[in-house]
Structure formats: structure tokens, C-alpha cells
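Data block below; observations after.
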Amino acid sequence: MEKEEMVMDIEMKKEMLKEEEMETKREKEDYEEGVEMGRTGEEAIRYFIIISYPFFFSGESGAGKTVAAKYIMGYISKVSGGGEKVQHVKDIILQSNPLLEAFGNAKTVRNNNSSRFGKYFEIQFSRGGEPDGGKISNFLLEKSRVVSQNECERNFHIYYQLIEGATADQKHNLGIMTPDYYYYLNQSETYVVDGTDDRSDFQETMNAMDVIGIARQDKQLVVQIIAGILHLGNIGFQEQGNYAQVENPDLLAFPAYLLGIDKDRLNDKLTSRKMDSKWGGRSESINVTLNVEQASYTRDALAKGLYSRVFDFLVESINRAMRKPNEEYSIGVLDIYGFEIFQRNGFEQFCINFVNEKLQQIFIELTLKAEQEEYVQEGIKWTPIEYFNNKVVCDLIENKLNPPGIMSILDDVCATVYAKGDGADQTLLQKLQSAVGTHEHFNGSSGGFVVHHYAGKVSYDVSGFCERNRDVLFTDLIELMQSSEFAFIRTLFPEKLDSDKKGRPTTAGSKIKKQANDLVNTLMKCTPHYIRCIKPNETKRPRDWEESRVKHQVEYLGLKENIRVRRAGFAYRRLFQKFLQRYAILTPETWPRWRGDGRQGVQHLLRSVNMDADQYQMGRTKVFVKNPESLFLLEEMRERKFDGFARVIQKAWRRHIAIRKYEQMREEASHILYNFKERRRNSINRNFVGDYLGMEDKPELRQFLAKRERIDFADSVTKYDRRFKVSVVVCPTFGKPNISKPRFVVRGPTLLFYDSMILSRIYTYTQGARVIRRGHEGVFLDIMSGPIAADPWPMGFAVISGSISKYCKPHHPWPIQPHITLGCKAGHIASVCQIWLSFSL
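According to the UniProt record's numbering, the residues represented by the sequence shown are 1 to 841, in order.
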């Protein structure tokens, strides 16, 4: 598909798609199943080889973006094939969700599992459509939540999981107490979330680390750092002569122990700061003692720095586990926290809403503006649709000059050395009023300012804007962590400190602006699939519908304009040549190659499949199809053609296999005939001379033979019953034990004798028919080499007694070859004689 697609998902607080239902969506069309998360994932799997196919989830906080993203990734992992390596990648994709949610999600006023970071997850595929790699790009982690939360909110989930799920030994070693003991957790006085089991979630988080491949020691240190941050937050300060002093020095020991640093050095770095200055031509370092506010800021900066670097380590571990040398095809999933409007909106909400504003601009550029411009360029008949372009709001925030944007003014204020605390925030407010006060989407307010976003008006409180924008981790703290006895912690702070380094430090706002623009550039190169998530209520209950709230979201997400554009426009467009490449097989004139003009080829193809003329328009370089159903019809016809081709291939393959089998059998038959002739050629034709039964010495036996009869062959035989047990004839004698008597077979030129005790049964041997008859019974004899007289060293033969009509027609050979049945070698007549088979029915 070249056309950007959009799906609307309403978060109804219930399960969207069960695992067993995922397979039912496979190989189905949208009009057969309806459009939902499973079908959306199926479409991505079909088309990701043709185009780069990212999913873009948008909507306000609590609208279900993260849940929908998990369903997409789960569906892709479920239905795609693969071996052991592919399964490992699937496991990592699925297990990355609980791990990143534990460290990156938190309870807010509007959402019990709100994403407090953004991620762009690329699932990479092989040419065979198997997920064999991946990559995560994370941004906008709300680090300030580590040290403070609003009322009715919680810190990141991992803290509560650790407190509830840690073992007794872990709690003892890490000093784990109840949540209300920790300053970083008790500010909001909210510790429990309905429907959340922190204990089991902790075990799932630890298991996810194992699946991803994080070493056991590193996993323990991650938990240790998390506990160390909690204990670090309990270090309080008091004023001593205008300078800060740790209230309870005993509280320094445990965080220092958990972080592997010296407690005295920790005390020094929290209450003072090293500053470099130049006097004349030489540099000099001096220690500046901090006040209580500055010391608290330093403590919080260290806690936020530790947490953010642990989070980056987890993301990098996931990427390392899924890394592949070359990227072929990918499906992207963008999950970022949605537009936020709270009673008090600070710097974090400003950054979040800015990123959402940029993503809305992509939507406008790629769906509304670009589509209408394309119709004009291609000469398509069409009615223009009016829409609001939010580029003016983006410029208000991120412009550098003429006039400078809000972020540029904020960076200038933060660069002022003497601007600290509330004084800096008030300076920011004054400069904003002076520079952009007359902007149509900006208004000043008491203690802050108002921005008219695409989602509505948002009032921002400037208190703390400058401090959080600086986001500076002093070199003293970096040096402190680089002195840790744990190599893992040292690797989290790889900076090479250079006191001579010049230039303005990078602010949080600058980082966010760069990340947002990089993300926009990435998405602009793709064909995004938009998933607009709607939050139906504020009660967080299923099937609860607030019409006014839903209507407001539909309006500010631009859904009405998008629907009007789609209804007035065309659902699908493709370059003539690409269209022919995909659908040329539908007509014999275009398959395998259309040799005329591409435009004429497309027209011929569409007429041949009887598509209505009002369902498509021919542009200058592209064909435009109005309704999706028309495209689905083409796809169905194409699939049927492929079915026919598959049958031709199957027939050709079966014919090939049959010919090979025939040639093999012919060769085997030739070998049999050749070997038979070779054996006959090397045989010596002479009569059998021997007397196995001692017949020459027993005149009483020779009485059964004619005077001219001679013995050609004679030996004892073993009879087997139907259960393949040896059957012998017992001769009872008075006063003596029973004696087993053997059976004999004697062959002469014209007679065959067969008996158990004496040669009392005489049958006439008919050499030509190889059938010996006695009344209604018959004995069938099949000798592989013909008459024994012609081959004195036979391979063996079988004697079968019974009704000949049960087995074969007269004069027809018995189907079992004796040399196969007996398995004897020529020349070993002595051993052959011991295994004659006799079946008596």
C-alpha cells in the first residue's frame, strides 16, 4: 500500500483479541473480518516487504495506546513463523513490554498504567517474513517522577513491585521498608492500584530480564540501584549558617553502601559543588557550599541521573539481544504518551504536548495536505476540504528566530549564569510576553502562559521550568559515581570529564526538540498506519460512554477532516508500472509483460476485470482507486491466479517424481535381469548327486519310485503353522516316550514325494505347469531357476499344500519369490535344506 491508513480504536477497558482468535485473522481481508488490531497487524505482515510500514498510535493519556501497541506486537509474534533463533527474538519482543512498563510506566490521575516515556519499536524481518531482529528508540522519560509526584499518582511501578515482591533476604540486604517510609514514594500518599498485583508483576519483571539475557549480577545491581535511589531520597537537609547540612548523617551509610561509594564523599558532593574558574591564564577549582534548596536539587539530580541511566541500560540490553548485522524489512510501532491536560501543567506536560503537536503535524502533512496536493498534481477531479494546519503552533514552540519560539527563549534564560529558581522562571515569563505575547495561539496568565494546541487550550505553570530544562548533572556527581566499587555502576557514567570544554550545555528542551525532529524525519520517509485511540470515559470502567468527551477527541484528532478527505478522495493510488507489476497476471495481454504504454496497460487491465469506470481515475503518473472493495476484488483475483499457478507447479512436480520413480524401477529391473543372466552364464549344468536321506541304502523307501525313477533332490523339511510355530508329527510307541518324526521332501524327474512319517503321499509333478494335483487339492511349487535338473544348485523352493483356488489361478506363478522368502545364497544347499517352508491348510 502506498496510501496512509488510519484506524480508530476506542478503549473499552476489556480484552480486544484472545490468543486463540489470532489465527482466525490470518489470510483474511478487512471486509471479511472488520478492521481491528488483529486485522491491522495482518495487513502489516502482508505489505511490509513492499513498503516501510510503521504504526503510529495517538490519543490522550489513558486512551489505550500502549495496550493496542502490545496487541499489534503480540499478533505479529503469534502468526509469524520461524525456528529457534526467531522464537528467541519473539520472546524478547513480548518480554520487553513488562520490563519497560515496570521501569517506564506509572499511575497518573487519568490512567493507572500511563506510559511515562516514548518508544519507537522496530521489528525487523528476514526475506522470508520471520522476525529475526529489532531495535527500540526511547525518548522523553519523565525523570522528574522519580523524585516527586502529584496527588493520587504513583512513582514508577518498579518501586512498588520491589517492595511487594522482594524475598525476605532481598528486603534485609536492600533495607526494604513499607512505601510510606520513603520520601520519593510518600508525597502523593498513593501506594496501591486497583487491579494491579505488584508482587506477581515483580516476578514477571525479573523473568523478563532473564529472557532478554541480562546477567544475574547485573540484574542484582539494577535492583540494588533502585533501592539505593529510595534511600537516597530520605537524606534531608537543614540550614546551618545559610549553608546546607545533612539532617541525619546516619542515613548516608546505606545508600552509599548500595551504590558502592564512600559515605563521606557522598555527604561532601551533596552539600558542596566544585566550580572551575580562570584567573589570568590559569585555571583554578574552588568548592562552593550549597544552600538547602541547592542541596535538595543536587540529591534529586543524582537520583534522576541514576534512574535514567539504568533505564537506558535496559533498553540497550534489549537492543543488544535483538541486534542483527543488516536491516532488510521492518514494521515500526510508535507508542508515546498522549496529549495531557491536568489541573497543573508543568515542563513535562509542555514537552509531551509539543511532541504530540509534531506528530499531529505529520498526520496533516501526509494525509490531508499531501493528499490534496497530489490530486492537483495528477489532475484528478476532486473537491478541496478545509482543515486546520497546526504548523503555526509548532513554530510558536520551536522557532529559533523571527520570532524566537518558546523553547529558544527558555534556553536563553537558562544560559544566564545568575538566573536561578523562581527568579529565572519570572524572567522567562517576562521574555515570553515580550517576544510572543501577540501570537494568536499564545496568551499570558497569572504565573504562567496558555498555548492553543490542536487538542485545546492548555495553561502551563512556569514554576520549575528553568530548573527542569537545565537538567544538569554536575561533574562532581559524575566523578562520585565513577568512583563506585561496582564496575556496572561505573559503566553507567562513561563521560570523559574535561574542565576546559567550552560551550553551552545541552538542555532538556533541546534534547526533546532534536528527538522529536529526528522521529518526524524517520516517519516522513515511511507510509504510516495511524491508529487513533479514543478514551470513552474518565471512570476507567468498561462500556461507560461519555458522548461529549468522545466528540471532543474526534474533533481535535482531526478525524472529521480525515473522513471527509477519504470520502471525497481515493483509497488507493499506485504508479502505473508498479500497478502493472502487481496485477499483470490478471490478463493474458499484460502477462508476463506489457509492451505498450503503462497508462494504456492499466486501462486495459481494469476494463478486462470489469471494474466500473467511476471506481477509478487515471492521473498523469498514477492510477487512483476510489473504494477499498475494488482493490480487494483485484487482490482476490490475483490470489486465485496464484492458486492456478500453484496447481501447475504441483502437477509438474508430481510428473517429475513419477518419471524418476519409473526410471529407477526400470534400472532395478535391468540389474535383476543382468544378474540372472550372469548367474546362468557362470553355472555348471550337472545333475544333483547326493543322498541326504540315505535312500540308496534303504530299499524300503525306493519301492515308491519307479524303476526308472531317480532321486534328483531329497531333504527333511520343517513345517510352520499359521502362527509361525514349528509343527512336528509325534509317533506314539507303547511303553516308550513319544518320538518326533521329521517330514521329508523327495523330488525325482517326474514325481514329488512329501510326507511326515513315511513317503505315503505321491503326487505327479508336471514340470511345465509347475502344479502337482491330487484330487481337489494341489501343491504349488515355484523354483526360481526352473527345473532342478537344469540348475543343480538351486536357491531354494517352497512347498504349499492346500486348495490351489484359494491362492492363484492354475498355471499362474506364486507371487512370492522363493529366493526372497528364503534369503539363501547359491551354493549353500546344505543350509538351504534346513529352512524349506511348508504351509498346510
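In this text, a Cβ means the ideal position worked out from N, Cα and C, and glycines have one as well.
Item                                                                                                                                                         : Value
Measure the CB-CB distance between Asn-326 and Val-193 and report whether it falls below 8 Å.                                                                : no
Is the beta carbon of Thr-205 less than 8 Å from the beta carbon of Leu-94?                                                                                  : no
I'd like to check one pair, Leu-252 with Asn-234: are the Cβ atoms closer than 8 Å?                                                                          : no
Quick one: is Ser-367 buried, meaning 16 or more other Cβ sit within 10 Å of its Cβ, or exposed?                                                             : Checking the sequence, you will find Thr at residue 367 rather than Ser. Under this definition Thr-367 is a buried residue.
Start and end of the alpha helix (DSSP H) containing Gln-240?                                                                                                : Careful: Gln-240 lies outside any alpha helix (DSSP H), inside the beta strand (DSSP E) at 237-240.
What are the partner residues of Pro-403, as DSSP defines its beta bridges?                                                                                  : Bridge partners of Pro-403: none, in fact.
Using the beta-carbon count (16 or more within 10 Å), is Tyr-674 buried or exposed?                                                                          : exposed
Quick one: Cα of Val-376 to Cα of Gln-361, how far?                                                                                                          : 21 Å
Would you kindly work out how many angstroms separate the C-alpha atoms of Val-450 and Gly-338, rounded to a whole number?                                   : 19 Å
Tell me whether His-656 sits in a helix, a strand or coil according to DSSP, three-state version.                                                            : helix
Pick helix, strand or coil for residue 843, following the three-state DSSP scheme.                                                                           : Nothing in the structure corresponds to residue 843, since the chain is present only between 1 and 841.
Of the residues Ala-516, Arg-323, Asp-597 and Glu-374, which one's Cα is nearest the Cα of Val-89?                                                           : Arg-323
With respect to the beta strand (DSSP E) encompassing Ala-584, which residues constitute its N-terminal and C-terminal limits?                               : No beta strand (DSSP E) contains Ala-584, which DSSP labels as neither H nor E.
Assuming contact is defined by CB atoms lying nearer than 8 Å, are Lys-143 and Ser-308 in contact in what I supplied?                                        : yes
For Ser-114 and Gly-260, what's the separation of their Cα atoms in angstroms?                                                                               : 33 Å
Look up Met-784 in the DSSP assignment and say whether it is helix, strand or coil.                                                                          : Because Met-784 sits at a pLDDT of 29, beneath the cut-off of 50, its placement in the model cannot be relied upon, and the following sentence gives the value as read from the coordinates. Met-784 falls in the coil class under three-state DSSP.
According to DSSP, which residues form a beta bridge with Cys-526?                                                                                           : DSSP, once it has assigned bridges, lists no residue as partnering Cys-526.
Could you say if the stretch 167-186 and the stretch 130-143 meet the contact criterion of at least three C-beta pairs nearer than 8 Å?                      : no
Enumerate, from N- to C-terminal direction, the unbroken alpha helix (DSSP H) stretches of 4 or more residues contained entirely within the stretch 313-370. : 347-363
Check whether the stretch 286-299 touches the stretch 241-256, taking contact to mean three or more Cβ pairs, one atom from each stretch, closer than 8 Å.   : yes
Three Cβ pairs or more, each shorter than 8 Å: is that satisfied between the stretch 386-401 and the stretch 351-360?                                        : yes
Smallest Cα separation from Arg-461: which of Pro-255, Gln-187, Ser-200 and Ile-341?                                                                         : As written in the sequence, residue 461 is Asp, which differs from the Arg given in the question. Among Pro-255, Gln-187, Ser-200 and Ile-341, the Cα nearest to that of Asp-461 is on Ile-341.
Inspect the beta-carbon positions of Gly-305 and Leu-477 and report whether they are closer than 8 Å.                                                        : yes
DSSP state of Thr-289, grouped into three classes?                                                                                                           : strand
I think Ile-409 touches Ala-435, with their Cβ atoms under 8 Å apart; what is that distance to the nearest whole Å?                                          : 6 Å
Rounded to whole angstroms, what is the Cα-Cα separation between Val-730 and Arg-679?                                                                        : Caution is warranted here: a pLDDT of 49 is assigned to Val-730, below 50, making its placement in the model unreliable, and no coordinate value can be reported.
CB Ser-463 to CB Asp-411, shorter than 8 Å?                                                                                                                  : no
Compute the Euclidean distance between the alpha carbons of Gln-482 and Asp-262, then round it to the nearest angstrom.                                      : 12 Å
Would you grab the beta carbon distance between Leu-258 and His-231 for me? Rounded to a whole angstrom, and I think it's under 8 Å.                         : 7 Å
Which residue wins for smallest C-alpha separation from Leu-606, given the options Arg-595, Tyr-191, Arg-620 and Phe-624?                                    : Phe-624
Between the stretch 369-388 and the stretch 608-621, do at least 3 Cβ pairs fall closer than 8 Å?                                                            : yes
Please look up how many angstroms separate the CB atoms of Gln-615 and Ser-630, rounded, as I've assumed it's under 8 Å.                                     : 5 Å
If I follow the unbroken beta strand (DSSP E) through Gln-617, where does it start and stop?                                                                 : 616-618
Classify Phe-797: buried if its beta carbon has 16 or more other beta carbons within 10 angstroms, exposed otherwise.                                        : Because the pLDDT of Phe-797 is 38, which lies under 50, any placement of that residue in the model is unreliable, and the question is left without a value.
Let me confirm a value: Trp-594 is counted as buried when at least 16 other C-beta atoms fall within 10 Å, else exposed. Which label applies?                : buried
Under 8 Å by Cβ, that's how I've got Val-147 and Asp-300 pegged, so tell me the actual separation to the nearest angstrom.                                   : 4 Å
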